[in-house]
Structure formats: C-alpha cells, structure tokens
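Asks: So the sequence shown is residues 3 to 133, counted in the numbering used here. Could you have a look at this structure, given as structure tokens, before my questions?
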Amino acid sequence: MCHDLWFEREIDKKLEGNTSTTPPVPGGKPSRIHVCPECGSVNLIEDFDQGETICQDCGLVLSQNLMSRGPEWRAFTKEEKDERGRVGIPTSFSIHDKGLSTVIDRVNRDAYGRQLPMETRMEMLRLRKWQ
C-alpha cells in the first residue's frame, strides 16, 4: 500500500510539469493512471471514441476496449437522473452489432478441446466473417 502511494506521488510530480490540458484525440481525456512501459512517459490519453489508452509520445496502445463511463441516456430532471442506472458499455448504431461483440476463435475446437463437426466448422467460418 505504501508503494502505491509513493508511485501515485511520483506520477503527480511528473504531471505537474505537463501543461497540455487539451487531448489531441477528439473525445479523449488525459489519463493519469499509467506510465508507458515503452518510453516511460506519463503523457497518456484515454480515447473513448476508439476505446484505447494511448501514449502521446511514442504512440503505444496500452489498453483497448475501454468502457465509456458516460451515461447512455438523456435526463432532463433530477428524478430522471436518479432512476437511471449504468448497466455496461453504451450501444452504438454505428457498429454492425451495436457494440455487443463476441469474438469467435479460429481454433475449431469446443470448450473440451474436441474437434468441431464439419457443419459447425462451416457455420463458425461464416460467423467469423462478421467480426
């Protein structure tokens, strides 16, 4: 626990010299959680439009598939805001599966490691084309 506190203080010290408050990626925000393992930079941004954390100095993508923390509803009164709950990432009509994707592996084996039947393999091949 003491090491984590020291680590956060060191990051804060490095960030004090950073005067850039506007992220270069639209919809992104400065990230103050990580240090880039490639170049040691603390100039990271979280781009929720792309779902990535990116190092501004070397361009390394540190994480992918970030969850947007913003609400996926519109609320005009306090009562509407209070009755809404966050239940996962927001859906997007710009993505064919509305952001509710499933990745189908190319292994052609079931959960027990057995070879899939030919009919099932052909079906998985067709489904992979949608990924």
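A virtual CB, placed ideally from N, CA and C, is assigned to each residue, including glycine. Computed from a predicted model, the values in this text were never measured in an experiment.
From the DSSP secondary-structure annotation, give me the bridge partner or partners of Val37.
Replies: Locating residue 37 in the sequence shown gives position 35, where the first residue counts as 1. For Val37, which the question treats as bridged, DSSP gives no partner whatsoever.
Asks: Give the straight-line distance between the Cα atoms of Gly53 and Gln66, rounded to the nearest whole angstrom.
Replies: Residue mapping note: residue 53 aligns to position 51 of the sequence shown, counting from 1. Residue mapping note: residue 66 aligns to position 64 of the sequence shown, counting from 1. Straight-line Cα distance between these residues: approximately 6 Å.
Asks: Assign Thr23 to one of three DSSP states: helix, strand, or coil.
Replies: Position 21 of the sequence shown, counted from the first residue, corresponds to residue 23. Because Thr23 carries a pLDDT of 37, less than 50, the predicted location of this residue cannot be relied on, and the following value inherits that uncertainty. Coil.
Asks: Roughly how far, in whole angstroms, is the beta-carbon of Asn110 from the beta-carbon of Arg123, given that I think they are within contact range, below 8 Å?
Replies: Taking the first residue of the sequence shown as 1, we reach residue 110 at position 108. Taking the first residue of the sequence shown as 1, we reach residue 123 at position 121. About 5 Å; that satisfies the 8 Å criterion.
Asks: In chain order, what residues of the same chain lie with their CB nearer than 6 Å to the CB of Lys131, ignoring the 5 residues before and after it?
Replies: What you label residue 131 is simply residue 129 of the sequence shown in a count that begins at 1. So no residue of the chain qualifies.
Asks: Can Cys60 and Glu82 be called in contact, C-beta distance under 8 Å?
Replies: In the sequence shown, residue 60 corresponds to position 58, counting from 1. In the sequence shown, residue 82 corresponds to position 80, counting from 1. No, the Cβ-Cβ distance between Cys60 and Glu82 is not below 8 Å.
Asks: Tell me, which residues are paired with Val63 by DSSP?
Replies: Looking up residue 63 in the sequence shown gives position 61. DSSP, once it has assigned bridges, lists Ile56 as partnering Val63.
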